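Quick note, this note's numbering runs 153 ahead of the 1-based positions in the sequence shown.
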Amino acid sequence: IGILHTFVARSMPELVPVDIVAPIRRAYWLVYHESVRPLRRVQLVANFITKAVERERGLFV
């Protein structure tokens, strides 16, 4: 038994979901080296990823 994101598990019909007894809280980190922080292209990609994940939040349950 293990925890797997719903969007991954949907592609594997042989998996059987179990009822969750307690809510699961996850944290995600977007990590990059401090030396690239001021680069505009890094900021744009970080913002894009953050917005995409927020928009599809339900997939990460």
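For each residue, glycine too, the CB sits at the ideal point set by N, CA and C. Note that the coordinates shown come from a computational prediction; the quantities given were computed from them, not determined experimentally.
By the criterion of a C-beta distance shorter than 7 Å, residue 156 is surrounded in its chain by 177, once the five residues flanking it on both sides are discounted. Counting along the chain, residue 207 sits inside the alpha helix (DSSP H) bounded by residues 193–208.
When the Cα atoms are used, residue 204 and residue 198 turn out to be separated by approximately 10 Å. In this structure, DSSP gives residue 167 a state outside helix and strand, which the three-state scheme calls coil. A Cβ-Cβ distance of about 15 Å is found for the pair residue 161 and residue 181, leaving them out of contact under the 8 Å criterion.
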